[in-house]
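For reference, the structure is listed below as structure tokens.
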Amino acid sequence: AAEVEDQVEERLPNVGRESHTYLHHVVKHYDRLAEWTVFTQGAAPAWGYRGGDSSSGHLSDNVTFEDYLQAHRGGQDSFFVLSAACSLPQGLQSTRLGLVCTCPTHI
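When the letters of the sequence shown are read in order and numbered with this note's numbering, they come out as residues 22 to 128.
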């Protein structure tokens with residue numbers, strides 16, 4: 022297990038939900054980011070989406086939280102799960118589809 026450097030708390034304004042916090046961390050620490058970083062919400066992740074209420078989870082089918090914690094699984098430099106799809110012009114949306122993106126290593 023990797024050692025954790027001195028932990029420092031930094032209070033940020035609540036202006037962009039968790040995405041603001043994640044982006045702030047990346048920008049502030051860009052030149053010294055860890056080799057593998059996982060951003061997650063404060064509660065333990067669970068499966069499913071239930072209309073955005075407090076019982077909703079953030080995991081898709083066939084994906085566990087541990088999948089995100091395994092650095093460089095299969096030699097890949099990232100791990101990304103598609104969790105929504107939209108059909109236009111109908112405006113239909115499906116959330117938490119369980120689609121895993123197997124993107125090419127070089128674009």
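Each residue gets a CB set at the ideal place from its N, CA and C atoms; glycine is no exception.
None of these values were measured; they are calculated from a predicted model.
Below 7 Å between beta carbons: does that hold for residue i and residue j?
i	j	result
Val59	Val84	no
Ala92	Trp57	yes
Leu54	Thr42	no
Phe86	Pro66	yes
Glu39	Gln62	yes
Gln114	Cys107	yes
Is it right to say residue i is buried, meaning 16 or more other beta carbons lie within 10 angstroms of its own, or is it exposed?
i	result
Leu80	buried
Quick one: give me the first and last residue of the alpha helix (DSSP H) that residue i is part of.
i	result
Asp82	Element bounds for Asp82: n/a, residue is neither H nor E.
Can you check DSSP and say which residues form a bridge with residue i?
i	result
Ser108	Leu113
Trp68	Leu80
Any alpha helix (DSSP H) of 4 or more consecutive residues that is wholly inside the segment 25–50 = 38–49
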